[in-house]
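Beneath this line is the structure, given in structure tokens, with notes to follow.
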Amino acid sequence: VQLQAFGGGLVQPGGSLRLSCAASESILRANSIGWYRQGPGNHREFVAQISSGSSGSSSDYADNVKGRFTISVDGAKNTFYLQMNSLKPEDTGVYFCNVIQYGMLYWGKGTLVTVSS
């Protein structure tokens, strides 16, 4: 599975952005789809994911984005999204999307988000 993240850019604090991650093939059977980010001088950190299992699917978020970010998926378009609202300067970083499907982990190239006035 090849992944391409896009939608990053420069936004003022308090603003919004929607990131997209387009997959080269169906992700309907993915065990997990998610977003990570890497801020300046930081390690890559978890942001959000949707996990699917026998009991259905569930969304999880990092504590520092709960209530502000929303992950969603459009299976028909093989694309998933990260809606980011009330952005803060500390949300600045390169955002990466990933998919776990059939036991394989796939990463896309990142898209840069800069939150600054």
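Residue numbers (this note's numbering): 2 to 118. The beta-carbon is built from N, C-alpha and C at its ideal position, and this holds for glycine as well. No experiment lies behind these values; they were computed from the predicted model shown.
May I ask you to report which of helix, strand or coil DSSP gives residue i?
i    : result
E185 : In this structure the chain extends from 2 to 118, so residue 185 is not present and cannot be described.
G76  : helix
R38  : strand
V114 : strand
V12  : strand
L18  : strand
Y103 : coil
D64  : coil
G54  : strand
Please tell me whether residue i and residue j are closer than 8 Å, where the distance is taken between their beta carbons.
i    : j   : result
M85  : L20 : yes
G111 : A31 : no
Short of 8 Å in beta carbon distance, which residues of its chain neighbour residue i, apart from the five on each side in sequence? Order them along the chain.
i   : result
S58 : I51, S52
V2  : A24, S25, E26, I28, V100, Q102, M105, Y107
P41 : T93, G94
What distance in whole Å lies between the Cβ atoms of residue j and residue i, which are believed to be in contact at a cut-off of 8 Å?
i   : j   : result
E46 : A63 : 7 Å
G94 : Q39 : 5 Å
G76 : C22 : Actually they do not touch by this definition, with Cβ atoms about 13 Å apart.
Between which two residues does the beta strand (DSSP E) containing residue i stretch?
i   : result
R45 : From DSSP, R45 is part of no beta strand (DSSP E); its letter is neither H nor E.
A6  : 4 to 7
S27 : Run containing S27: none; DSSP gives neither H nor E here.
Residues in the same chain with beta-carbon distance under 6 Å from residue i, minus the five sequence neighbours each way, listed in chain order, please.
i    : result
H44  : none
I137 : As shown, the chain starts at 2 and ends at 118. That puts residue 137 outside it, with no answer to give.
R69  : N86, S87
Ordered along the chain, which non-local residues of its own chain (more than five positions away) have a Cβ less than 7 Å from that of residue i?
i    : result
V116 : V12, P14, L88, K89, P90, D92, T93
T71  : Q84
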